[in-house]
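Enquirer:
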Amino acid sequence: MSSGPTYVIRQAASDDVPSATTLVRRSIAELCAPDHHNIAAIVEGLLINKTPENMKAWIETPGSFVFVVEAGPILAGVGGLTGDGEITLLYVAPDFRFQGVSKALLAKLEDHARSLGLPNCALVSTDTAQRFFEAQGFASYDKDEDDFGMDATSMTKAL
Ligand SMILES: CC(C)(COP(=O)(O)OP(=O)(O)OC[C@H]1O[C@@H](n2cnc3c(N)ncnc32)[C@H](O)[C@@H]1OP(=O)(O)O)[C@@H](O)C(=O)NCCC(=O)NCCS
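Each residue of the sequence shown is one higher than the one before, counting from 3 in our numbering.
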């Protein structure tokens, strides 16, 4: 990561629910504009399941793993992994974009998947993040449209 604040990556706790939810919602609304073009109905659709209730379940359910990147007292990133290697969340706070947060968080998720004995990780990427994931070793194998007409690229990486 770049110099500047010291980052700590740790598994999320129930106390993180409000700030992690806010981070994910801001990241989608502000950073994924090339995907949703600020069309309100699409943004609302993308945010509909990014609720505190769901974040609490993702953090607390056994077999579901959420990690956060702390920059001092605030969160800079949130990442999620299922027990079968699907990366479900990878979001950086807009103020911390392109400072190495997502790279470090993705490496942590991959390490965790390895520790579970999994052979690969998979994810579905927005157009916004596809180049980033390719640079981290993910390969695209399918491209579809999601429920809102946005490109959704299925990607995988052998661990
Ligand atoms: C693209 C994104 C995921 C990158 O996260 P980040 O924390 O800002 O990125 P990092 O600093 O960790 O990594 C930088 C890498 O991103 C890539 N990158 C650089 N500029 C980029 C750009 N304009 N667009 C996409 N990727 C870029 C490069 O590979 C760069 O690596 P390098 O520094 O070795 O060249 C993030 O900025 C983003 O837009 N998130 C939106 C939410 C999202 O779509 N999440 C994924 C859901 S599937």
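Don't be surprised by glycine CBs; every beta carbon is placed ideally from N, CA and C. Source: prediction; values computed, not measured.
1) If you measure between the beta carbons of VAL126 and ALA154, is that distance less than 8 angstroms?
2) Quick one: what's TYR9 bridged to in DSSP?
3) Does the structure place the region 129-145 close enough to the region 28-39 that three or more beta carbon pairs sit under 8 angstroms?
4) Quick check on this structure: which residue in PHE140, LYS110, ARG28, ASP149 has the alpha carbon closest to the alpha carbon of GLY82?
5) If ALA78 and TYR9 are in contact, beta carbons under 8 angstroms, what's the gap, nearest whole angstrom?
6) Is MET152 helix, strand or coil when you go by DSSP?
7) Which partner residues does SER127 have in the DSSP bridge list?
8) Tell me the residue span of the beta strand (DSSP E) that contains ASP144.
9) Got a sec, what are the start and stop residues for the beta strand (DSSP E) LEU91 sits in?
10) If you draw a straight line from the C-alpha of LYS52 to the C-alpha of ARG27, how long is it?
11) So for THR84, helix, strand or coil by DSSP?
12) Whose C-alpha, out of THR158, SER21, THR90, is nearest the C-alpha of PRO121?
Expert: From the atom records:
1) yes
2) ALA73
3) yes
4) LYS110
5) 6 angstroms
6) coil
7) THR155
8) 141-147
9) 89-94
10) 7 angstroms
11) strand
12) THR158
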